[in-house]
Structure formats: structure tokens, C-alpha cells
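Student: Chains as they are written, first to last, in this note's numbering: chain A, 1 to 141; chain B, 1001 to 1393.
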Amino acid sequence: MGFTYSEKVMDHFANPRNVGEIENADGIGEVGNSKCGDIMKIYLKIDDNTITDVKFKTFGCGAAIATSSMATELIKGKSIDNALNLTNKAVMEALDGLPPVKVHCSVLAEEAIKSALSDYYKKQGVDPEPIVGKIEDSDKH
Amino acid sequence: MREIYADNAATTKLSPVVLEKMMPYLTDVFGNPSSLYGIGQTAKKAVEDARANIAKNIGAKNPNEVYFTSGGSESDNWALKGVCRRLKKQGKNHIITSKFEHHAILHTCKALEKEGFEVTYLDVYENGIVKPEDVENAIKDETAMVSIMYANNEIGTIQPIEEIGKICKENKVLFHTDAVQAAGYCKINVAEQNIDLLSMTAHKIHGPKGCGLLYIRKGILIDNLIEGGAQERNKRAGTENIAGIVGLDAALQIAVDTMDERNKKLKKLRDKLIDGLLTIPKSRLNGDREKRLPNNLNMCFEGIEGESLLLRLEFKGISASSGSACTSGSLDPSHVLLAIGLPHEIAHGSTRMTFDESTTEEDIDYILSVVPEIVKTLRDMSPLWEKIVKSED
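Next comes the structure, spelled out in C-alpha cells:
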């Protein structure tokens, strides 16, 4: 590999936090596709505008798994607004940076959370687009 | 923890015996072979002795058919650009190669296409082997050269070189083969196998990095790639890499002397590992099982991505390689795995392990003890695996 990962990336890859699924999740988002080699799926449990639990499953490289893990850590216990404002840059900074060819993994993590929140609003009968923005279809990524 | 180097197709450890033979030329005998005084002439003799011995080991009739280069990539570039550009002046602007050549060939072909060459990229089928009849069918009046690798660098499949050489000879078309991976594992006899040009490098056979060769059959006209001094009979300028050349010769000699016994041992270990890993559900061996290098294993495990697998292998002390997109920075997985017809999502989950004579049965048992667990861990967190399992129900 023509790059090295930071210690934090390696830690989150080796010991990913919040791996798994949530039964009866309030929001589920999936982004990426297998053709590109990355799929992220995020499960949210939301009570009273707060993300009380979050789990993920990821098919992808070390950076894809590490960014999923870090992104879930950054939104766990936070408000929906906080989660909506999470940027890929924040995920990268929290991981002490990513190699340039891996930046797209952090973008995917941001999109996965937005996609899960979008699903949450849909389930509440609210149009998510004005709040979350347009979410790309995972197949077209 | 056990440390296993399983990436000998990437590069190999320099043999201590080879290093010992190189040492004088890295120390006292530092002269320039173009110089007339003692240490210059001693160095020159070392280069010419190596050339003669290498010629013998690859079945070349004349030592002057062996040209030293900086390695496999230079040899491949030189063979194609040097010969084809010259033949183009005679109206021969067509090249035949395969879809799964090394990038040193494929990217050179792309560059030649921009110069007006037409290139036919032959299919390699599911087993990763070029069909000689496809070569014959692709040859036309304008064909300048056929370039087919001896053995593939990712999946280790061995090509029918002798048959292709015969077809090229009958059709009066030049035949080049990139034998970088095959050298040391497959018999090379350029005369018997009708090979006109052959690329080889030292560092894949326990020699030093930075030294290779191009065999050019006598009588073939080739333009220079590197211009300058009169080295290599005016064909390849640059002060000779004496230690490298001595190392290449020593490494090839050892490889030739030990080939049969080593291949037998490696094949046994490889087969044990293949059989063991194939017991993992949804796993597959890439490339023909029999016609492959004795030290090469290339497998896919569905539902997981190659780089993740590699990183976790490294945690367990195993250095392996992958055809995964993530290691190259592009979104496309290995062109070799796509060429044998694997869908993208499966090709992303490949791993290559390539062994050498230092590999032991205990190493293989250790790999077999850790890989299934790693695959399971990654599958447990993979939404793709979830889909694969669901589609089975």
C-alpha cells in the first residue's frame, strides 16, 4: 500500500466500536455499492431527538471500517442536529487524518448517517429532504 | 508471534550467497568497466562472465544476446517500444498481447496506441490462460509482435509459451515474453521455446533490486530506449550495475540448480493451503489450479474486502498482497481478476500469497489457523455478506 494509516485509524479498524445491528431501529441508512468496494449501513435508535444508540455494518477497506466506527462514536448520545452537522472533515480530524485516496470513505460515513436520519424522518411521516438534503440512492453511488 | 513473508511475487529476500558474490563489486572492485586499468577490467570481466553464464542458463546461443537493464519494467518497455517503433516503418503497426499482462506491458501498449499502433488484447478465459489458437487467429500481415507473459504476477497461471512461440515462428512474427514471475520456477530455453525477446529481473529470485535483463535474439533490430555511452554494445547506455549483474547471475544459477526439488516442495505446501482455505464457504481459487506457479495462491472470499483482510493478516504476522482497488487508489479492482471474469464485488475480496523455499509446513498450518477467523470477523460486520446469505435462503 502506498500510504500509512494513523494510529487512530488502525485502532478503530482493529477494534471497531458499535458494530452490529439494532432491531426495530428508528432509522436505517445504507450507502455505497459493492462494485466500488464500499458499503456502509447505519442503524439509529432515536429517543426525544437524541441518538441513544447507533450500530454499523461495513464492507470495505480499513479506512471505510475506521470511519464508520469513528462516525458512530461521534454521534452516539448526541442530538439529531449534532448528527446532521457531522461532516466528513470532522470524522477525518477525529481519526488524525486519512490518506488522500481514502477521503471518499469519510464522505461515505457522513452520507450513511444522513441517509439513516432521512429514513428516520420518513418513518415519522416527515419529508426529509428540506432537513437532511438530497440523499443519493446507494445503487447509484 | 510467527512472522510469515508471503509476498514473494512482490519481491524476495536477497540470498546471503548472492550477497556474498556481490560484495567485492560493492567494495574493492568499484572500477568502471569502460576503464582500461585493473579494477575497471576486473569489473568488465565480471559482467561478461555473468552474461555468458546467464546466456547458458536461459538457452541463448550467444552471450551477446543478453542485455542488462534496470529491471523488468525497463525490459518490457524496451522490447515493445524499441522493436515495434522500428517495425512500424515497414508498415507493421499491430501488437498482440493479453488482457492480464503486467502494467509494464499494458501501459506501454497504451502509449504505443497513441503513436498509431493497433493493439489486440487477447482473452484469458476463466482459468487465466491464453489460448494459442487465439494468438494464431489474431495474427495479420501488419502484426509486429506478440507479447504474452510466461506466468501471471497475480494469479500465477503459466501460459503455453512454447506453443505460442511455435505459432509466432511459423507466422514470422516476433515473440516477446515477460518472464519476470516465471524465472526460477519454470524452465526457460529461448531457443527451444522460440522466444525472440524475454524480460527478467533479479529481485524476484532472491537477487538484488534494480537489475534485470532483456534477451534479444541475434538479428532483431531494436531502437535504443536509453541513449548515452557505448555500454551494452551501444544498445543500452549507463555505467553497468556490476554488483547487480553479478547478483542476477548468481541468483539465477541457484534458482536453476534448485528448481525441481523446490517446486515439488512448494507445490505440496501450496496445495495443502488451497485445500484448507477452500473449506471456507463462498471462497474460490483464482486461476487454473494445475497450470500455476508452485508458490502462488490467489483466492477470493465473498462478502469481504481485500485490504481489510490484508491488514488483519498483518496483525497476525502474515505479509500478503491483494488485488483490491483500495491498495491502488482506484475504484476498480485488479485488472487480472476482472480479465478472468470475476464480478467487481468478488474481485474486491481477493488475497494473494506467494511463498519461497523458507516457507514451512508450520507456516501453512498457522495461516490455516488464522484465516477462517479473520474472514468470519469481517463477514460478521459486512452488509454485503448479509445480502449474500439472505439471497441463499
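Where a beta carbon is used, it is the ideal one built from N, C-alpha and C, also for glycine.
Ignore the nearest five residues each way along the sequence and tell me which others in B:E1136's own chain have a CB closer than 6 Å to its CB.
Tutor: The answer, listed in chain order, is I1167.
Student: Give, in chain order, every unbroken run of the beta strand (DSSP E) that is at least 3 residues long and sits entirely within the segment 1254-1336 of chain B.
Tutor: Whole beta strand (DSSP E) segments, 3+ residues: 1283-1285, 1296-1301.
Student: Tell me, which residues are paired with B:S1350 by DSSP?
Tutor: Answer is B:C1300.
Student: Residue range of the alpha helix (DSSP H) that A:I46 falls in?
Tutor: Taken as a continuous stretch (DSSP letters only), A:I46 belongs to no alpha helix (DSSP H), being part of the beta strand (DSSP E) at 38-47.
Student: What ranges does the alpha helix (DSSP H) occupy inside the segment 1157-1228 of chain B, keeping only unbroken runs of at least 4 residues that lie completely in it?
Tutor: Within the segment 1157-1228 of chain B, the complete alpha helix (DSSP H) runs of at least 4 residues are 1161-1170.
Student: Determine, using beta-carbon pairs with one atom in the segment 1280-1298 of chain B and one in the segment 1334-1347 of chain B, whether at least three such pairs fall under 8 Å.
Tutor: Short answer: they touch.
Student: Can you tell me the Cβ-Cβ gap for B:K1282 and B:I1388, rounded? I've got them flagged as a contact below 8 Å.
Tutor: Contact flag correct, Cβ pair sits at about 7 Å.
Student: In chain order, what residues of the same chain have a beta carbon less than 7 Å from the beta carbon of A:I22, not counting five sequence neighbours either side?
Tutor: Y43, K45, D53, K55.
Student: Report yes or no: is there a C-beta of chain A within less than 7 Å of the C-beta of B:H1348?
Tutor: Chain A contact via Cβ: present.
Student: Beta-carbon separation of A:G29 and A:S106 under 7 Å?
Tutor: No, these two residues do not count as a Cβ contact at 7 Å.
Student: How would you label A:T67, buried or exposed, when you count the other beta carbons within 10 angstroms and need 16 or more for buried?
Tutor: Buried.
Student: Between the segment 1223-1234 of chain B and the segment 1089-1097 of chain B, can you find at least three pairs of beta-carbon atoms closer than 8 Å?
Tutor: The segment 1089-1097 of chain B, when compared against the segment 1223-1234 of chain B, does not touch it at the 8 Å Cβ threshold.
Student: Rounded to a whole number of angstroms, what is the C-alpha to C-alpha distance between B:K1376 and B:E1307?
Tutor: One C-alpha to the other measures close to 15 Å.
Student: For B:I1004, which of helix, strand or coil comes out of DSSP?
Tutor: The answer is strand: DSSP assigns B:I1004 an E or B state.
Student: Chain B partners of A:K35, CB-CB under 7 Å?
Tutor: Going along chain B in sequence order, the residues near A:K35 (Cβ under 7 Å) are H1344, E1345.
Student: Return the first residue and the last residue of the beta strand (DSSP E) that B:H1094 is part of.
Tutor: B:H1094 -> beta strand (DSSP E) spans 1094-1098.
Student: Sort out for me which residues DSSP pairs A:G29 with in a bridge.
Tutor: According to DSSP, A:G29 bridges with A:I42.
Student: Identify every residue that forms a DSSP beta bridge with B:Y1067.
Tutor: DSSP lists B:L1214 as partners of B:Y1067.
Student: Under DSSP, the alpha helix (DSSP H) around B:V1370 begins and ends at which residues?
Tutor: Here the alpha helix (DSSP H) through B:V1370 covers 1361-1380.
Student: Roughly how many angstroms lie between the CA atoms of B:L1277 and B:L1297, to the nearest whole one?
Tutor: Straight-line Cα distance between these residues: approximately 10 Å.
Student: Have a look at B:K1272 and B:V1083 and give me their C-alpha separation to the nearest angstrom.
Tutor: Near 44 Å, if we compare the C-alpha coordinates of B:V1083 and B:K1272.
Student: Would B:S1382 count as contacting chain A if we go by Cβ distances under 7 Å?
Tutor: So, interface residue.
Student: How long is the line joining the alpha carbons of A:I27 and B:A1179, rounded to whole angstroms?
Tutor: The question names Ile, but residue 27 of chain A is Gly in the sequence shown. When rounded, the distance between both Cα atoms is 55 Å.
Student: State buried or exposed for B:R1233, treating a residue as buried only when at least 16 other CB atoms are found within 10 Å of its CB.
Tutor: Result: exposed.
Student: At what residues does the beta strand (DSSP E) containing B:A1144 begin and finish?
Tutor: Element bounds for B:A1144: 1143-1147.
Student: B:D1076 by DSSP, collapsed to three states: which one?
Tutor: It is helical.
Student: So for B:E1115, helix, strand or coil by DSSP?
Tutor: Coil at B:E1115, not helix or strand.
Student: Going by Cα to Cα distance, which pick from B:A1347, B:I1364, B:A1320, B:K1056 is closest to B:T1012?
Tutor: Taking only the C-alpha atoms, the option nearest B:T1012 is B:A1320.
Student: Based on the DSSP secondary-structure assignment, which residues constitute the bridge partners of A:S115?
Tutor: Answer is none; A:S115 lacks a bridge partner.
Student: Measure the alpha-carbon distance for B:A960 versus B:L1197 and round it to whole angstroms.
Tutor: Within the shown structure, residues of chain B are numbered from 1001 to 1393, placing residue 960 of chain B beyond reach of any answer.
Student: Return the residue from the list B:E1065, B:M1145, B:L1026 that minimises the CA-CA distance to B:R1085.
Tutor: For B:R1085, the nearest C-alpha among the options comes from B:M1145.
Student: Quick one: give me the first and last residue of the beta strand (DSSP E) that A:T52 is part of.
Tutor: 50-59 is the extent of the beta strand (DSSP E) around A:T52.
Student: Out of A:Y5, A:F59, A:K134, A:L74, point me to the one whose CA is closest to B:P1383's CA.
Tutor: Closest option to B:P1383, Cα to Cα, is A:F59.
Student: Roughly how far, in whole angstroms, is the beta-carbon of B:A1079 from the beta-carbon of B:H1176, given that I think they are within contact range, below 8 Å?
Tutor: Between B:H1176 and B:A1079 the Cβ distance is about 5 Å, and since that is below 8 Å, they are a contact.
Student: Tell me which same chain residues have a C-beta within less than 6 Å of the C-beta of B:G1303, skipping the five on either side of it?
Tutor: Contacts found: R1379, S1382, L1384, W1385, I1388.
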